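Worksheet for the structure shown next.
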Amino acid sequence: MVKRILLVGAAAIALSGCGAGENNGTTAPVGSNSGNHAGHSDMNHSVSGELPPSLKEAANPKFEVGSQALLIADHMEGMEAAEATIAGAYDTIVYAVSYTPTTGGKPVENHKWVIQEEIQDAADRPYEPGEKVVLKADHMKGMKGAVATIDSAEAGTVYAVDYTPAAGGEPVKNHKWVTESELSPMP
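With my numbering applied, the sequence shown closes on residue 205, and no number is skipped along the way.
Right, here's the structure in full:
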């Protein structure tokens with residue numbers, strides 16, 4: 019019971035603490051590491067629609083803006099199997115990255131997702147796994163300004179989604195980012 023109260027409290031704090039411009043309209047897990055999604059209770063939810071200025075809308079997304087899809091991503095508790103509304107679809111390069119927060123603490127492994135437009139002084143080409151970059155994404159405490167290693171990269175469409183956690187709870191608006199492979203058509 020205490021754990022559930024703490025999770026709800028952390029989510030409420032994260033939701034109340036995200037004003038326009040604070041985090042560039044993005045969300046991501048705190049304490050995320052390779053395949054282990056423990057610690058995602060501190061997700062930093064954005065309620066703003068703020069996007070990186072150079073981000074381009076997808077020409078032919080598999081999931082149209084306004085359509086419904088089933089989330090198969092598990093970035094945070096309650097996300098997997100939730101019904102989502104597509105809030106935005108964008109063509110870019112999406113990265114999983116590892117970094118040590120600028121505020122100290124444990125290294126974050128395989129953080130999903132940062133897009134090309136959230137890399138400081140981004141090159142005009144995709145980065146390769148193993149390359150170092152500086153993050154301008156502010157998904158979570160200590161991320162902005164951190165030196166990160168690219169773990170993986172893929173070009174394609176990324177989505178911002180609105181959903182209510184599958185197990186119930188407060189609706190999440192503009193969760194960024196979900197890849198096409200993390201969505202499934204509604205049955």
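Every residue, glycine too, gets a C-beta built ideally from N, C-alpha and C.
Nothing here was measured: the structure is a model prediction, and the numbers come from that model.
Which of the three DSSP states is assigned to residue i in this structure?
i: Q138; result: coil
i: E68; result: coil
i: S85; result: coil
i: E127; result: strand
i: E101; result: strand
i: L33; result: Residue confidence is low: L33 scores 31 on pLDDT, short of 50, so the model does not pin down where it sits. Its coordinate-derived value is still stated next. Note: L33 maps to helix in three-state DSSP.
i: G187; result: coil
Given a threshold of 16 other Cβ atoms within 10 Å of its Cβ, counted over all protein chains shown, does residue i qualify as buried or as exposed?
i: N42; result: For N42, the predicted model reports a pLDDT of 32, less than 50, meaning its position is unreliable and no value from the coordinates is stated.
i: D142; result: exposed
i: V165; result: exposed
i: Q134; result: buried
i: E146; result: exposed
i: E200; result: buried
i: T175; result: buried
i: Q138; result: exposed
i: M94; result: buried
i: G39; result: Residue placement at G39 is flagged as unreliable, the pLDDT there being 30, under the threshold of 50; the coordinate-derived value follows with that caveat. By the neighbour-count rule (16 or more Cβ atoms within 10 Å), G39 is not buried but exposed.
i: K194; result: buried
i: E136; result: buried
i: K150; result: exposed
i: A185; result: exposed
i: A173; result: exposed
Give the range of the beta strand (DSSP E) segment to which residue i is assigned.
i: H93; result: It is not in any beta strand (DSSP E) - H93 carries neither H nor E in the DSSP assignment.
i: D180; result: 165 to 181
i: N192; result: 190 to 197
i: I79; result: According to the sequence as given, residue 79 is Pro; it is not Ile. Per DSSP, P79 belongs to no beta strand (DSSP E) and is neither H nor E.
i: L153; result: Careful: L153 lies outside any beta strand (DSSP E) and carries neither H nor E.
i: P203; result: 201 to 203
Just list the residues that DSSP pairs residue i with in beta bridges.
i: A114; result: K130, S170
i: A107; result: Y177
Cβ pair count under 8 Å reaching 3, the segment 175 to 184 against the segment 92 to 111: yes
Validate contact between the segment 75 to 88 and the segment 122 to 139 using beta carbons, cut 8 Å, 3 pairs: no
Touching by the beta-carbon criterion (3+ pairs, under 8 Å), the segment 159 to 175 and the segment 117 to 127: yes
At least 3 beta-carbon pairs within less than 8 Å: the segment 108 to 121 vs the segment 74 to 82: yes
The segment 112 to 124 in contact with the segment 88 to 102 per 3-pair CB rule at 8 Å: no
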